[in-house]
Ligand code: GLV
Ligand code: MN
Ligand code: MN
Ligand code: MN
């Protein structure tokens with residue numbers, strides 16, 4: 001079975017066809033979680049999986065599982081998958097590659113009449129990005145018992161629409177209870193960083209994922225007229241926010257190597273050109289592979305935010321809304337990935353994931369591994385995100401063999 005390869009062209013064609021749903025002029029994809037476009041993409045995936053002989057089920061948080069039976073269907077499945085929601089200016093590969101490479105594995109097993117002992121599933125996890133509904137990885141988190149179902153369904157977007165309402169609206173509030181035994185889980189993904197491409201390496205064997213802390217901050221000052229109000233009498237919430245943005249960057253720089261710190265969303269009220277901003281809402285994203293350093297960054301942030309708000313006479317609401325600790329992946333699954341790359345003769349290296357992935361939460365309830373492939377210039381969360389068909393194919397072949405390794409007794 002080690003000689004069997006997936007179909008490069010078929011995988012690429014599926015990615016390109018799926019990428020048209022939400023496709024942007026710049027060649028990217030905007031398919032926010034639980035929008036009509038997300039529904040269309042889910043429908044297409046379901047249609048393809050059923051055509052490949054799978055039975056599709058949806059759970060109460062909208063996760064989709066397409067099952068190819070095994071010899072013994074009482075055994076827990078080996079599951080592959082990722083997400084199909086994107087960033088507002090996302091690409092055609094982030095997430096959807098892991099979903100469609102799962103389908104490609106199933107199609108390849110069909111082509112070769114291979115029966116596995118365990119059933120095999122390709123999956124879609126709802127709202128991985130966290131860009132429409134925060135936090136990220138909500139539904140894999142519910143699956144893993146990190147969040148309860150009510151918490152997941154009540155996540156709201158900036159317009160106040162909840163995940164529960166939107167799941168109902170698009171017809172993906174499924175009947176199945178969330179969470180069931182999984183023999184092993186594998187997620188294939190583009191690296192979203194520059195390492196593999198720079199080192200001309202085909203496969204990243206993901207050993208760990210870094211930890212994350214997400215925050216929401218609201219600063220309140222006083223709206224006032226931009227003309228008559230003297231500079232020294234102002235309580236400018238945006239000025240306070242801009243000082244914090246600088247400090248967020250400084251904290252990232254001060255905790256090298258490896259720390260990342262970002263302010264990605266700001267809302268300014270009333271957002272009128274001749275009104276001193278009275279209120280600013282913004283988000284902070286901190287990441288580090290070492291939990292102790294991540295905690296240190298947390299303390300530095302709290303101190304500096306309190307100091308700036310105090311000095312400027314601003315009121316501050318500061319909340320950590322999400323903490324996802326660093327994740328070590330399962331040794332047996334990591335070995336399956338490494339061995340599959342080695343057997344196929346692909347160049348490979350161990351790598352730590354900088355991004356969050358559904359695999360990070362599934363790792364809490366099932367042995368889990370990830371396969372990374374290079375992407376162009378290491379760019380992701382950008383419409384220019386791109387990857388080479390041959391690299392995507394190599395990753396899919398590794399996924400296939402890693403899955404076979406876990407699904408056959
Ligand atoms: C999601 O894509 C994340 O890693 O932030
Ligand atoms: Mn992703
Ligand atoms: Mn992403
Ligand atoms: Mn992600």
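Residue numbers (full-length UniProt numbering): 1 to 409.
We put the beta carbon where it would ideally sit given N, CA and C, even for glycine.
Note that the structure is a prediction, hence the values are computed from the model and not measured.
Check, Outcome
"Given a cut-off of 9 Å, decide if residue 251 and residue 282 are closer than it, judged by their beta-carbon atoms.", "no"
"Where does residue 225 land, buried or exposed, given buried means 16+ other C-beta within 10 angstroms?", "exposed"
"Mark residue 347 as exposed unless 16 or more other C-beta atoms lie within 10 angstroms of its C-beta, in which case mark it buried.", "exposed"
"Which value, in whole angstroms, describes the spacing of the CA atoms of residue 62 and residue 318?", "31 Å"
"Under 5 Å from any heavy atom of ligand 2, by CB: list those residues in chain order, please.", "94, 95"
"Closer than 8 Å: is that where the CB of residue 285 sits relative to any heavy atom of ligand 1?", "yes"
"Please state whether DSSP places residue 230 in a helix, a strand or coil.", "coil"
"If you run the structure through DSSP and keep just helix, strand and coil, what is residue 353?", "strand"
"Can you tell me where the alpha helix (DSSP H) holding residue 220 begins and where it ends?", "Looking at the DSSP string, residue 220 is not in any alpha helix (DSSP H); the run it does join, the beta strand (DSSP E), is 211-220."
"How would you label residue 151, buried or exposed, when you count the other beta carbons within 10 angstroms and need 16 or more for buried?", "exposed"
"Kindly indicate which three-state DSSP category residue 235 falls into: helix, strand or coil?", "coil"
"Given the structure, does residue 90 come close to ligand 3, in the sense that its CB is under 8 Å from one of the ligand's heavy atoms?", "yes"
"Does ligand 3 have a heavy atom nearer than 8 Å to the CB of residue 420?", "Absent from the structure is residue 420, since the part of the chain shown begins at 1 and ends at 409."
"Per the contact definition of three or more C-beta pairs closer than 8 Å, is the segment 222-239 in contact with the segment 306-315?", "yes"
"For residue 124, is the classification buried or exposed, using 16 other Cβ atoms within 10 angstroms of its Cβ as the cut-off for buried?", "buried"
"Quick check: residue 396 and residue 101, are their CB atoms within less than 9 Å of each other?", "yes"
"Hey, would you say the C-beta of residue 141 is under 8 Å away from at least one heavy atom of ligand 1?", "no"
"Could you tell me which of 255, 46, 263 sits nearest to residue 300, measuring between CA atoms?", "255"
"Could you check how far apart the C-beta atoms of residue 280 and residue 294 are, in whole angstroms? I think they sit under 8 Å.", "Not a contact, Cβ separation roughly 25 Å."
"In angstroms with no decimal places, state the Cα-to-Cα distance between residue 333 and residue 306.", "44 Å"
"Nearest to residue 77 by CA position, among 113, 90, 179, 160, is which residue?", "179"
"Would you kindly work out how many angstroms separate the C-alpha atoms of residue 222 and residue 216, rounded to a whole number?", "20 Å"
"Considering residue 48, what are the terminal residues of the alpha helix (DSSP H) in which it resides?", "36-51"
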